[in-house]
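In my numbering, the protein residues as written are 2 to 293. Just so you know, even glycine gets a beta-carbon here, dropped at the ideal spot from N, CA and C. Structure first, commentary second.
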Amino acid sequence: MRRVASLAALAGAALLSAALPAGAEPTLWVLRDADSTVTLLRSVHALPPGVTWRGPRVNAALAEAEVIVFEFDQAPSAAARGAAADRMAALGRAELGAPLASRLTREGRARLSRQAQSLGFAPGALAGLRPWYALFLLDQAAARRDGARLSLGVEAVLAASAGPRRLEALERAEEVAAALAAMPDAEALSAIEALLADLERPNRRTREHALERAWAQGRLGPVIAAVAEQAERAPRLHARLVTDRNRRWAAQVAALLAREEDVLVVVGAAHFVGPDGLPSLLRARGLPVQGP
2 MRRVASLAAL
12 AGAALLSAAL
22 PAGAEPTLWV
32 LRDADSTVTL
42 LRSVHALPPG
52 VTWRGPRVNA
62 ALAEAEVIVF
72 EFDQAPSAAA
82 RGAAADRMAA
92 LGRAELGAPL
102 ASRLTREGRA
112 RLSRQAQSLG
122 FAPGALAGLR
132 PWYALFLLDQ
142 AAARRDGARL
152 SLGVEAVLAA
162 SAGPRRLEAL
172 ERAEEVAAAL
182 AAMPDAEALS
192 AIEALLADLE
202 RPNRRTREHA
212 LERAWAQGRL
222 GPVIAAVAEQ
232 AERAPRLHAR
242 LVTDRNRRWA
252 AQVAALLARE
262 EDVLVVVGAA
272 HFVGPDGLPS
282 LLRARGLPVQ
292 GP
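In structure tokens form, the structure reads like this:
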């Protein structure tokens with residue numbers, strides 16, 4: 002889930018902002034017909050300060066685009082954002098039952114106690130939550146502790162640079178929340194155990210920095226490995242948040258090519274991996290996709 006799946010800490014900003022190899026930037030895929038171009042950019046939703054990723058190809062794609070299509074709305078009002086957060090919190094509140102910690106292993110309970118305090122949660126703040134929502138909050142808090150900010154992510158940066166271009170979305174944020182809320186408790190609890198263990202690995206932040214650097218340089222291998230690990234850890238969640246959405250989006254992206262305008266499509270890096278990734282699904286439809 003984390004950024005590249007999960008799609009970095011401030012301490013790693015110097016590493017990430019170091020000079021990249023000539024021509025290195027995030028990977029693009031391109032579809033063209035006689036009167037339109039659809040460019041696909043794999044994004045990272047939240048980044049720490051100092052990550053260099055806007056190279057000439059990305060800037061050219063933005064300059065040529067008449068429309069930018071994101072996963073979901075990037076310009077909601079403050080009221081809409083608050084209402085969406087309230088809906089997610091309502092979905093995430095548990096009915097009467099055992100507190101979250103009691104459903105973890107003994108080691109998991111100890112890790113939860115340490116990490117919840119370290120991440121800034123008040124005592125008992127996670128106790129009355131459904132496992133999927135606790136997982137979501139822990140994951141987001143860990144990203145913030147590492148210095149990642151949605152305001153520095155690809156979507157926020159491009160939306161702020163959009164100028165007169167139209168901004169559109171492939172789906173509503175409520176659809177993503179519903180997919181998360183359908184996550185079985187057993188799978189969410191297993192994912193919490195794995196996340197808590199990962200948060201205490203001594204080399205965790207180094208691995209996160211390396212993964213973000215690989216994305217910024219357009220190297221696919223590390224991202225493919227990270228997505229495969231995520232799919233193995235939480236296969237049903239991966240299916241709902243990645244595979245199922247890719248299948249819906251492939252039809253929507255194919256339809257964009259018939260609109261007689263140039264479009265930039267920006268979605269998370271996990272959506273471009275393997276036979277169920279967007280490029281593969283579009284090629285299966287007979288579309289000439291340029292890119293790896």
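* Nearest to L159 (by Cα), restricted to the options L288, D277, V268 and A25 -> V268
* Contacts around G121, its chain only, beta-carbon distance under 7 angstroms, and the 5 residues preceding and following it disregarded -> A142
* To do: Note the first and the last residue of the continuous beta strand (DSSP E) segment covering G269.
  => V264 to G269
* To do: Starting from L127, trace the alpha helix (DSSP H) both ways and give me its first and last residue.
  => Per DSSP, L127 belongs to no alpha helix (DSSP H) and is neither H nor E.
* Helix, strand or coil at L120 according to DSSP, with G and I counted as helix -> coil
* Taking W216 as part of the alpha helix (DSSP H), name the residues at either end of that continuous run. => R205 to A217
* Give the range of the beta strand (DSSP E) segment to which E169 is assigned. => R167 to A170
* **Inter-residue spacing [alpha-carbon to alpha-carbon] between S114 and G56** => 43 angstroms
* Asked: For G148, does the count of other Cβ atoms within 10 angstroms reach 16, so buried, or fall short, so exposed?
  -> buried
* **Which of helix, strand or coil DSSP assigns to S18** => Note on S18: pLDDT 33, under 50, position unreliable in the model; the coordinate value appears next. In this structure, S18 counts as coil in the three-state DSSP scheme.
* **Per DSSP, cross-strand counterpart(s) of L48** => R150
* For L63 versus L265, is the C-beta spacing smaller than 8 angstroms? -> yes
* Starting from R284, trace the alpha helix (DSSP H) both ways and give me its first and last residue. => L279 to A285
* **DSSP beta-bridge partners of F137** => Paired residues: none, contrary to the question.
* Identify the residues that DSSP records as bridge partners of T28: which are they? -> Partner(s): none; T28 has no beta bridge.
* Would you identify the three-state DSSP class for A144, choosing helix, strand or coil? => helix
* Go to V1, then tell me how far its alpha helix (DSSP H) extends in each direction, as first and last residue. => Residue 1 is absent from the model: the chain starts at 2 and stops at 293.
* With 16 as the cutoff for other CB atoms within 10 Å, does N204 come out buried or exposed? -> exposed
* **Cross-strand partners of Q291 (DSSP beta bridge)** => V31
* Put F71 into one of helix, strand or coil per three-state DSSP. => strand
* Could you pull the start and end residues of the alpha helix (DSSP H) that V59 belongs to? => P57 to E65
* To do: Kindly give me the distance between the Cβ atoms of S44 and G154, rounded to whole angstroms, as I take these residues to be in contact under 8 angstroms.
  => 7 angstroms
* Where does the unbroken alpha helix (DSSP H) through E188 begin, and where does it stop? -> D186 to L200
* To do: Alpha carbon to alpha carbon, how far is F273 from P280? Give it in angstroms, no decimals.
  => 6 angstroms
* **Chain-order list of residues whose beta-carbon lies under 8 angstroms from that of A23 (same chain, five-residue window excluded)** => Per-residue confidence for A23 stands at a pLDDT of 46, beneath the threshold of 50, marking its modelled position as unreliable; no derived number is given.
* Answer yes if the region 175-184 comes into contact with the region 81-95, meaning at least three C-beta pairs across the two stretches below 8 angstroms, and no otherwise. => yes
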